[in-house]
Amino acid sequence: GGWLRRSLGLFGSQAAARRPLGLLGFSEGVCCVECPTATHPHEVTRPRCVEPGTAEPAEAVACATMGPMMLARGLFLALGGFNESLSARGAPSTLLDCELSARVWLAGRAVFIAPPLVNPSAAE
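The end of the sequence shown is residue 1147 by the numbering used here, with every number in the run present.
Quick look at the structure:
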């Protein structure tokens, strides 16, 4: 299946969850939320869990780090978008992603990471 269909499938399969999926990152994240393997936060570059509804690799994380990420436009706007006061104009900030992730969690939604669902060698 196509990368967009597979990504949206993760949102759909989580719609009835206690905390529906709010933000999906495709890069890496700061763990641990639901995959118990450590007692302290650490970087996760690939999900170690499988989402049962889609059988896609996915893991709930405290923060999906900046990189490709997907969330509904309405949720992004309702949350106020990125907090641009966390970085100087034109300068990168490593806080924007984690701060947005925190607001997604506070809004009652979950933050997951998934491996890039695009195979660069396959044309769709």
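Ideal placement from N, C-alpha and C gives every residue a C-beta, glycine not left out.
Through-space distance from residue j to residue i, alpha-carbon basis
i: V1075; j: Q1037; result: In the sequence as presented, Val is not what sits at residue 1075; that position holds Pro. Using only the alpha carbons, I get a separation of about 10 Å.
i: E1057; j: G1113; result: With a pLDDT of 49 at E1057, under the threshold of 50, the modelled position of that residue is not reliable, and no figure is offered here.
i: L1109; j: V1084; result: 21 Å
i: R1041; j: A1111; result: 37 Å
i: L1118; j: F1099; result: 16 Å
i: G1025; j: G1032; result: 11 Å
i: S1124; j: G1035; result: 19 Å
i: P1138; j: A1039; result: 23 Å
Nearest residue (CA-CA) to residue i, options the options
i: L1027; options: A1040, P1043, L1047, R1042; result: L1047
i: I1136; options: P1043, A1039, E1082, C1072; result: E1082
i: A1101; options: T1088, R1132, V1073, M1092; result: R1132
i: N1106; options: E1122, V1073, M1092, L1098; result: E1122
i: C1086; options: L1129, R1029, G1025, V1073; result: L1129
i: D1120; options: P1070, A1078, V1134, T1088; result: T1088
Bounding residues of the alpha helix (DSSP H) (the contiguous stretch that carries residue i)
i: L1033; result: 1026 to 1036
i: V1134; result: No alpha helix (DSSP H) holds V1134; the beta strand (DSSP E) holding it covers 1133 to 1136.
i: G1097; result: 1096 to 1101
Burial state of residue i (16 or more Cβ within 10 Å)
i: R1126; result: buried
i: P1091; result: exposed
i: G1103; result: exposed
i: M1073; result: For the sequence presented, residue 1073 should be read as Val rather than Met. The residue is exposed, with fewer than 16 neighbouring Cβ atoms inside 10 Å.
i: G1152; result: Any question about residue 1152 goes unanswered here, given that the chain covers just 1024 to 1147.
Residue i - containing beta strand (DSSP E), residue span
i: L1109; result: Element bounds for L1109: n/a, residue is neither H nor E.
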